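Participant: In terms of my numbering, the sequence shown opens at residue 25 and continues consecutively.
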Amino acid sequence: MGLFSFGKKKKKPVRQCELEGSLLEFGEGYLLTSAQIIKSKRFWDNKMIEPETVAYSKAHFEKNDEMGTKMRTMIFQKYSSKDKPWLVGDGQVTQFEIDKDKAREYAREWWNSDFTFSPPEVGPADQILDEKEFSEWKDYAVMKAGEEQLRKIG
25 MGLFSFGKKK KKPVRQCELE GSLLEFGEGY LLTSAQIIKS KRFWDNKMIE PETVAYSKAH
85 FEKNDEMGTK MRTMIFQKYS SKDKPWLVGD GQVTQFEIDK DKAREYAREW WNSDFTFSPP
145 EVGPADQILD EKEFSEWKDY AVMKAGEEQL RKIG
């Protein structure tokens, strides 16, 4: 403790929502696993038409472009392969069909453990889900997600 730090409060850590970057203060948010993240049609439909990904989706659907499909596969892999939990904010958690109370409780444990706590079933989704379920979600994310929304926006 330095000479001038006497009486000053220690600053609580702040982290970003790992899906959209909003700041979360100590104790906030929800802790999800990669398996929970990838098991959401709503998440994939939104993810595949974001400004950063929409060009790949257009190429995939409109031109049957191999590179567009490959990029969508890489996006899926980014979210399915993470072996640590995901910290997610209020604005993003509504995309997932999870026990929100439990996910919030896990987030608090994570904050209180100096970011070392892991919820059950944490790890890459292909190691948590059975092969059939993982394959079905991958197929949806890569081959179908965002198609209807793209038709609507032109």
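Each residue gets a CB set at the ideal place from its N, CA and C atoms; glycine is no exception. Keep in mind the model is a prediction, meaning the values are calculated, not measured.
Consult DSSP for V112 and reduce its assignment to one of helix, strand or coil.
Facilitator: Working through the sequence shown from its first residue, we reach residue 112 at position 88. V112: strand per DSSP, three-state reduction.
Participant: What separation, rounded to the nearest whole angstrom, lies between the Cα atoms of E121 and M91?
Facilitator: The residue given as residue 121 occupies position 97 in the sequence shown. The residue given as residue 91 occupies position 67 in the sequence shown. Going from the Cα of E121 to the Cα of M91 covers about 31 Å.
Participant: Flag A131 as yes when its Cβ comes closer than 7 Å to any non-hydrogen atom of the ligand MG, and as no otherwise.
Facilitator: This structure does not include the ligand MG; it has no bound ligands of any sort.
Participant: What's the C-alpha gap between Q40 and R128?
Facilitator: By one-based count along the sequence shown, residue 40 stands at place 16. By one-based count along the sequence shown, residue 128 stands at place 104. So the two alpha carbons sit approximately 15 Å from each other.
Participant: Considering only DSSP beta bridges, list what V38 is partnered with.
Facilitator: Counting from one through the sequence shown, the residue named residue 38 turns up at place 14. Note: V38 sits in a beta bridge opposite E49.
Participant: Which residues bound the alpha helix (DSSP H) around Y164?
Facilitator: One-based indexing of the sequence shown puts residue 164 at position 140. No alpha helix (DSSP H) contains Y164, which DSSP labels as neither H nor E.
Participant: Pick helix, strand or coil for L153, following the three-state DSSP scheme.
Facilitator: For the purposes of this step, residue 153 is taken as the residue at position 129 of the sequence shown. Coil, per DSSP.
Participant: Could you pull out every residue in the same chain whose Cβ sits closer than 6 Å to the Cβ of A131, ignoring the five residues on either side in sequence?
Facilitator: By 1-based counting over the sequence shown, the position of residue 131 is 107. Excluding sequence neighbours, A131 sits near G53, Y54 and L55.
Participant: Whose CA, out of M167, Q116 and Q60, lies closest to the CA of D150?
Facilitator: Position 126 of the sequence shown, counted from the start, is the residue given in the question as residue 150. With distances taken between Cα atoms, D150 lies closest to Q60.
Participant: Are the region 134-150 and the region 67-80 in contact at 8 Å, needing three or more beta carbon pairs?
Facilitator: Touching, no, given that fewer than three Cβ pairs across the two stretches are closer than 8 Å.
Participant: Taking the continuous alpha helix (DSSP H) assigned at L56, which residues delimit it?
Facilitator: Stepping through the sequence shown from its first residue, residue 56 is reached at position 32. L56 -> not in any alpha helix (DSSP H); beta strand (DSSP E) instead, spanning Y54 to L56.
Participant: If I follow the unbroken alpha helix (DSSP H) through I177, where does it start and stop?
Facilitator: As a first step, residue 177 is located in the sequence shown; it is residue number 153 there, counting from the start. Looking at the DSSP string, the run of the alpha helix (DSSP H) that includes I177 is E171 to I177.
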